[in-house]
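Numbering (our numbering), first residue to last: 18 to 299.
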């Protein structure tokens, strides 16, 4: 069965976002547009061209035009729900193609029948585990589509490009080639004033990765957790201030970003073998 475009798109719409609940009358079908599906509740199977994929809440997959597919629940008596983002190829901008290798885009959007983000099948894709980030994007798109306020198609196009970049980044990411990102963050940390708060979310934004994934990436590239790195940089900065300024120890502690005297003294002595006062008197 072929789904008609008019069932989902009104007038000149090129992007539609539909929240669905499984019903027995849902049949195998194909269509002329791309479909990105995010499972929001339950477990089941994605049947595409007679191939069965096990899916669950938090999984995401992309369907290309002409591919016959259907969704089936693992247990018909339990809730099985998802959100679909439907779009025509014409909405993919040249700027997006410039951001991601064109060959890769064609490979995913044209050559393959589908692209699955399933933890069991693609365990090397880190971003797949950040289901909340994907779900937030899908829900924002659904709300925007339902409201259909002025400019909603342009806003949906922006959301779609963010979604596609995150998908391509997750699917084609090679962790062995990501030294530039690590170096960029390291340089930023070295230049950052340690008097201000440094947090995971702020640093992750600079690499356009989720906080959870950035934490893993940082440790894989430096060999130490981000929190340990930041603490050591603060201690090094405090040591420099003690050696080269007349600031009081409490002033040094504050300027280096420490707010607890006891923990500062303990960390400093553990790192350098002497207390801050002894370091000052050397």
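Glycine included, each C-beta is placed from N, C-alpha and C at the ideal position.
Since the structure is predicted, the reported quantities are computational estimates derived from the model, not experimental observations.
Enclosing alpha helix (DSSP H) for residue i [first to last residue]
{"i": "residue 269", "result": "266 to 272"}
{"i": "residue 261", "result": "243 to 261"}
{"i": "residue 215", "result": "Run containing residue 215: none; DSSP gives neither H nor E here."}
{"i": "residue 228", "result": "228 to 239"}
{"i": "residue 279", "result": "278 to 289"}
{"i": "residue 93", "result": "From DSSP, residue 93 is part of no alpha helix (DSSP H); its letter is neither H nor E."}
{"i": "residue 297", "result": "293 to 298"}
Contact check, residue i vs residue j, beta carbons under 8 Å
{"i": "residue 86", "j": "residue 65", "result": "yes"}
{"i": "residue 259", "j": "residue 272", "result": "no"}
{"i": "residue 63", "j": "residue 50", "result": "no"}
{"i": "residue 58", "j": "residue 98", "result": "yes"}
{"i": "residue 238", "j": "residue 32", "result": "no"}
{"i": "residue 281", "j": "residue 155", "result": "no"}
{"i": "residue 299", "j": "residue 274", "result": "no"}
{"i": "residue 162", "j": "residue 34", "result": "yes"}
{"i": "residue 172", "j": "residue 102", "result": "no"}
{"i": "residue 36", "j": "residue 100", "result": "yes"}
{"i": "residue 221", "j": "residue 266", "result": "no"}
{"i": "residue 248", "j": "residue 284", "result": "yes"}
Neighbourhood of residue i by C-beta distance below 6 Å, restricted to the same chain and skipping five residues each side
{"i": "residue 91", "result": "60 and 61"}
{"i": "residue 139", "result": "Its pLDDT being 32, under 50, residue 139 is placed unreliably in this model, and the coordinates cannot settle the point."}
{"i": "residue 235", "result": "243"}
{"i": "residue 135", "result": "Note that residue 135 scores a pLDDT of 37, beneath 50, so its modelled location is shaky and nothing firm can be said."}
{"i": "residue 262", "result": "none"}
Own chain residues within Cβ distance below 8 Å of residue i, not counting five before or after
{"i": "residue 216", "result": "none"}
{"i": "residue 176", "result": "154, 157, 158 and 161"}
{"i": "residue 289", "result": "252, 256 and 296"}
Close Cβ partners of residue i (< 7 Å) along its chain, the five nearest in sequence each way excluded
{"i": "residue 278", "result": "270"}
{"i": "residue 16", "result": "Coverage of the chain is limited to positions 18 through 299, which leaves residue 16 absent and any answer about it impossible."}
{"i": "residue 104", "result": "31, 32, 50, 51 and 177"}
Endpoints, beta strand (DSSP E) assigned at residue i
{"i": "residue 71", "result": "68 to 73"}
{"i": "residue 87", "result": "86 to 90"}
{"i": "residue 156", "result": "No beta strand (DSSP E) contains residue 156, which is instead part of the alpha helix (DSSP H) from 148 to 164."}
{"i": "residue 79", "result": "77 to 80"}
{"i": "residue 101", "result": "98 to 104"}
3 or more residues per run - each beta strand (DSSP E) lying fully within the stretch 31 to 61: 32 to 38 and 51 to 58
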